[in-house]
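Asker: One structure follows; several queries about it will come next.
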Amino acid sequence: MRAWLMDGYEGVENLRLGEVPDPRPGPAQVVLRVKFAALNPADAFLARKMYPANPSLPHILGRDGVGEVVAVGSGVENVGVGETVGILRCEVGVEAWGTLAEKVVVPAKSVTRIPTGWSDEEMAGAPLVFLTAWQALTQWADPPAPPSAKTV
Numbered sequence: 000m001r002a003w004l005m006d007g008y009e010g011v012e013n014l015r016l017g018e019v020p021d022p023r024p025g026p027a028q029v030v031l032r033v034k035f036a037a038l039n040p041a042d043a044f045l046a047r048k049m050y051p052a053n054p055s056l057p058h059i060l061g062r063d064g065v066g067e068v069v070a071v072g073s074g075v076e077n078v079g080v081g082e083t084v085g086i087l088r089c090e091v092g093v094e095a096w097g098t099l100a101e102k103v104v105v106p107a108k109s110v111t112r113i114p115t116g117w118s119d120e121e122m123a124g125a126p127l128v129f130l131t132a133w134q135a136l137t138q139w140a141d142p143p144a145p146p147s148a149k150t151v
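Using numbering that gives the first Met the number 0, you'd call the opening residue of the sequence shown number 0 and step up by one each time.
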């Protein structure tokens with residue numbers, strides 16, 4: 000499959016298009032055919048070695064995305080082949096190869112159905128946006144918002 004490969008820590012502008020073997024799912028994993036991938040600041044930081052991770056090279060960036068399930072590993076019951084799902088925060092794009100490829104392996108527990116009314120593109124970019132808002136409410140607010148707080 001084709002993928003944007005990071006061969007060093009010189010930034011996203013130095014990624015190269017290359018060929019790597021198609022991924023296969025392990026237990027509790029799914030393989031997605033990537034439809035949309037979103038770059039987020041973590042990708043740019045990791046590509047400059049400014050992120051608390053040190054993946055082996057070559058590496059495939061991309062923490063966020065949407066894809067169609069094309070294979071499932073043993074024990075996967077929450078999604079099936081043919082479903083389109085979004086990726087939630089996990090090791091994808093950091094410790095494991097990411098979404099800047101034709102296919103990606105994702106823990107089955109880290110995929111979610113796309114909310115009604117959302118486009119695939121919106122879902123691909125949503126995890127970072129929502130995580131940032133959640134952190135603002137729960138970690139950076141002074142005092143932190145209580146669990147019963149509602150966001151408008």
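The C-beta atom is built at its ideal place from N, Cα and C for all residues, glycine as well.
#1: Pull up the distance between the alpha-carbon of residue 105 and that of residue 50, whole angstroms please.
#2: Which residues bound the beta strand (DSSP E) around residue 111?
#3: Taking Cβ to Cβ, would you say residue 35 is nearer than 8 angstroms to residue 123?
#4: Output the distance between the C-alpha atoms of residue 115 and residue 2, rounded to the nearest integer angstrom.
#5: Alpha carbon to alpha carbon, what distance is there between residue 146 and residue 98?
#6: Let me check understanding here. Comparing Cα to Cα, which of 131, 134, 100 lies closest to residue 65?
Answerer: On the basis of the coordinates in this document:
#1: 21 angstroms
#2: 110-112
#3: yes
#4: 30 angstroms
#5: 32 angstroms
#6: 100
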